[in-house]
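Oh and the sequence shown: position 44 is 385 in my numbering, straight run, nothing missing.
In this text, a Cβ means the ideal position worked out from N, Cα and C, and glycines have one as well.
Data first, discussion second: the structure below is written as structure tokens.
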Amino acid sequence: MDDPPAAARPARRRRHRARPGATAVTRPDPARLEADLVAAALDGAEWPELLAQLAGAVGRSVRLLDMTGNLLAASEPTDADPAGQAARGSTAVAMAALLVGPALGPPLSDALGRADAPVVCRDGWRGHGDPVRMGNRYLGALLVEAAAGEGTDACAWRLAAVAGTALAIVAVRREAHAAALARRVDVVIDDIRHGAIRPAAEFVRVAESFGLDVCIPHAGVALRYMGTDPDAWVAAWGSIGFPVLREGERAWTLLSGDVPAELARLCGHLAYQLGSSPAVLAAAGPAVPGDPADPAETAASFRSADAVLALLRTSHERAPDQERTTLLFDELGLERLLLGVPAARLRAFAERVLAGLDPGGVDLLSAYLETDGTLDAVADRLDTQPAKLRRRLPTLVDGLTNADPTTARLTTLHAAALAHHLTTAATPDP
């Protein structure tokens with residue numbers, strides 16, 4: 342029997358042999374994959390989950406790198422060790438070539454071999470990819486694993502390219518979370534300042550969650566920017582590494598351990614960032630033992646820090662204390678006792694003892710009491726000529742002591758002058 346004509350013979354189905362070790366992959370429709378990824382992102386999936394889903398679709402592992410080549414996420418299990426994470430990233434040069442390529446246009450990009458040259462990560466992993474955009478800026482680059490000796494898998498890349506929207510959704514959510522966390526830091530520091538977090542166990546838990554240790558000696562710290570560049574003041578806190586509450590030119594934080602050393606370190610950092618040491622005044626309240634933790638004591642330390650800062654600011658405005666920019670509660674003398682007295686009582690005490698003395702007279706009295714009382718010493722403290730005080734100083738002292746400057750009377754006058762300075766310093770700025 343003759344063979345049927347070729348046209349009449351049934352067409353033979355061509356069989357494609359899979360490469361040794363290759364796994365057959367049924368690749369989904371790109372539009373359906375994009376919809377699934379977006380839905381997962383909106384449901385709260387993070388980058389690793391999305392990349393694992395994407396890797397299952399394209400049949401190859403996938404990595405997401407940031408603009409500098411650092412690993413953001415990977416479809417394969419991620420090493421928790423920071424060194425392992427770094428090894429899975431790329432070099433900034435390789436990332437720059439990938440990111441700049443699209444701006445060069447197809448002719449130049451192809452001429453540079455961008456389409457065939459994979460990005461090689463530090464651990465040897467190789468991948469082809471493209472930038473992932475978030476509106477008018479880059480998130481980073483999405484890479485699909487490149488098999489040895491092979492170029493870009495066009496089909497795999499078409500599938501990977503649809504992941505950009507889902508990845509951007511997660512990035513926006515992460516940025517919003519970071520902003521919310523920053524706002525919560527402000528709220529937490531403010532709550533700690535006012536003793537609003539109770540009981541003690543909750544106080545300790547919340548503080549620890551923000552990197553604050555209130556179970557060891559610690560103190561509230563108040564700072565004030567005296568410069569004229571608010572943007573520099575904000576930028577100076579960018580790399581500080583612990584929670585801070587800022588309100589205009591003022592700031593508060595909590596320091597633990599060796600508070601004087603930590604405060605000196607903080608002020609040194611701010612001085613370096615601002616380029617001027619006198620630009621910031623800083624004060625620390627009394628140290629709180631922390632064992633047991635007591636929210637009320639910590640709040641009291643912050644209140645004292647505010648008062649000490651106000652006192653420092655007042656003294657900083659008078660010579661010769663211009664160079665002093667930090668003051669600790671423990672460095673105070675009689676002021677330590679007066680800080681525990683309500684402001685209204687202090688004010689009434691000062692007005693009664695000083696008999697309506699004007700501010701200039703109070704400064705003159707303070708200079709007399711804080712020096713050896715000689716005309717030259719008082720004039721030097723006030724940065725004025727002795728001749729200008731030759732008549733006024735004896736008249737003021739005799740009038741306040743009834744020409745009998747006993748130790749008890751001078752101590753009372755000293756306390757009244759300090760009370761005046763404390764209540765004046767504590768008056769809110771207009």
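Note down, in chain order, each residue of its chain lying with its Cβ closer than 6 Å to the Cβ of residue i, except the 5 sequence neighbours on either side.
i	result
Arg467	Pro459, Val461, Ala487
Ala548	Val555
Arg688	Thr764
Leu508	Val473
Arg732	none
Trp578	Val585
Arg360	With a pLDDT of 43 at Arg360, under the threshold of 50, the modelled position of this residue cannot be trusted; read the value that follows with caution. So no residue of the chain qualifies.
Glu416	Before going on, a small fix: residue 416 reads as Ser here, not Glu. Closer than 6 Å at the Cβ level, and outside the excluded window around Ser416, lie Leu392, Ala393, Ala396, Ser402, Val403.
Leu706	Ala758
Val649	Ala624, Leu668, Phe670
Have a look at residue i and residue j and give me their C-alpha separation to the nearest angstrom.
i	j	result
Val532	Ile538	It should be noted that the sequence gives Asp, not Val, for residue 532. Whole-angstrom Cα-Cα distance: 6 Å.
Gly631	Val575	30 Å
Glu676	Gly626	12 Å
Gln394	Ala517	24 Å
Gly702	Leu754	12 Å
Ala382	Gln614	40 Å
Asp721	Val528	46 Å
Ala708	Leu586	36 Å
Glu672	Leu730	30 Å
Leu741	Thr712	17 Å
Glu692	Leu698	8 Å
Gly362	Leu483	Annotation note: pLDDT 45 at Gly362 (below 50); position unreliable, coordinate value reported separately. Their Cα atoms are separated by approximately 25 Å.
Leu678	Met408	56 Å
Ala456	Leu622	Legend: pLDDT at Ala456 = 48, less than 50; position of this residue unreliable, value from coordinates given subsequently. Taking the straight line joining both Cα atoms gives about 57 Å.
Val526	Arg591	16 Å
Asp647	Thr666	14 Å
Ala756	Ala563	24 Å
His469	Ser550	40 Å
Asp337	Arg546	This structure cannot settle anything about residue 337, because the visible part of the chain is limited to 342 through 771.
Asp570	Ala744	51 Å
Thr715	Thr594	42 Å
Ile530	Pro601	20 Å
Val682	Phe643	16 Å
Pro700	His657	16 Å
Gly465	Gly589	49 Å
Skipping 5 residues on each side, what residues in its chain have a beta carbon closer than 8 Å to that of residue i?
i	result
Val503	Pro371, Ala372, Leu374, Glu375, Leu378
Ala512	Met475, Leu480
Glu603	Leu596, Ser597
Ser645	Gly561, Gly626, Pro627, Phe670, Leu680
Arg499	Pro371
Thr364	Because the pLDDT of Thr364 is 48, which lies under 50, any placement of that residue in the model is unreliable, and the number read from its coordinates should be weighed accordingly. Gly400.
Gly674	none
Asn477	none
Whose C-alpha, out of the options, is nearest the C-alpha of residue i?
i	options	result
Pro418	Asp407, Ala398, Glu390, Val399	Glu390
Glu638	Arg654, Pro558, Asp671	Pro558
Pro619	Leu730, Gly568, Arg587	Gly568
Pro369	Thr747, Asp384, Gly397	Gly397
Asn411	Ser402, Arg463, Gly385	Arg463
Ala612	Thr594, Arg565, Arg587, Val526	Arg565
Arg686	Asp599, Leu759, Pro571, Val719	Leu759
Ile510	Asp384, Glu664, Ser642	Asp384
Leu553	Pro601, Thr715, Ser402, Ala634	Ala634
Cys496	Gly505, Ser642, Val485	Val485
Ala501	Asp471, Arg515, Arg478, Asn477	Asp471
Arg534	Ala641, Val682, Pro683, Ala728	Ala641
Asp599	Thr752, Thr506, Gly589, Val629	Val629
Glu664	Ala386, Thr506, Ser617	Ser617
Arg514	Ala386, Asp717, Ala684, Ala718	Ala386
Leu734	Arg750, Thr748, Asp717, Ala749	Asp717
Ala380	Thr736, Thr506, Arg478	Thr506
What does a CB cutoff of less than 7 Å around residue i pick up in its chain, not counting 5 residues either side in sequence?
i	result
Pro636	Gly536, Ile538, Arg539, Ala541, Phe544
Ala414	Trp388, Pro389, Leu392, Leu405
Val319	For residue 319 there is no data in the structure shown, the boundaries of the chain being 342 and 771.
His761	Ala691, Leu695, Val703
Gln726	Ala720
Phe583	Gly552, Thr594
Arg750	Thr742
What are the start and end residues of each continuous beta strand (DSSP E) run of 3 or more residues lying completely inside the stretch 593–673, in chain order?
621–625, 667–669
Runs of 4 residues minimum, wholly inside the stretch 472–504: which ones carry the alpha helix (DSSP H) assignment?
Counting whole runs of 4 or more residues, the stretch 472–504 contains the alpha helix (DSSP H) stretches 495–502.
Can at least three beta-carbon pairs, one atom from the stretch 646–653 and one from the stretch 606–618, be found at a separation below 8 Å?
no
Alpha helix (DSSP H) segments (min. 4 residues) lying fully within the stretch 718–743:
727–730, 733–742
Which ranges does the alpha helix (DSSP H) cover as unbroken runs of at least 4 residues, wholly within the stretch 523–554, from first to last along the chain?
541–550
At what residue ranges does the stretch 377–426 contain a whole run of the beta strand (DSSP E), taking only runs of 3 or more?
403–406, 412–415
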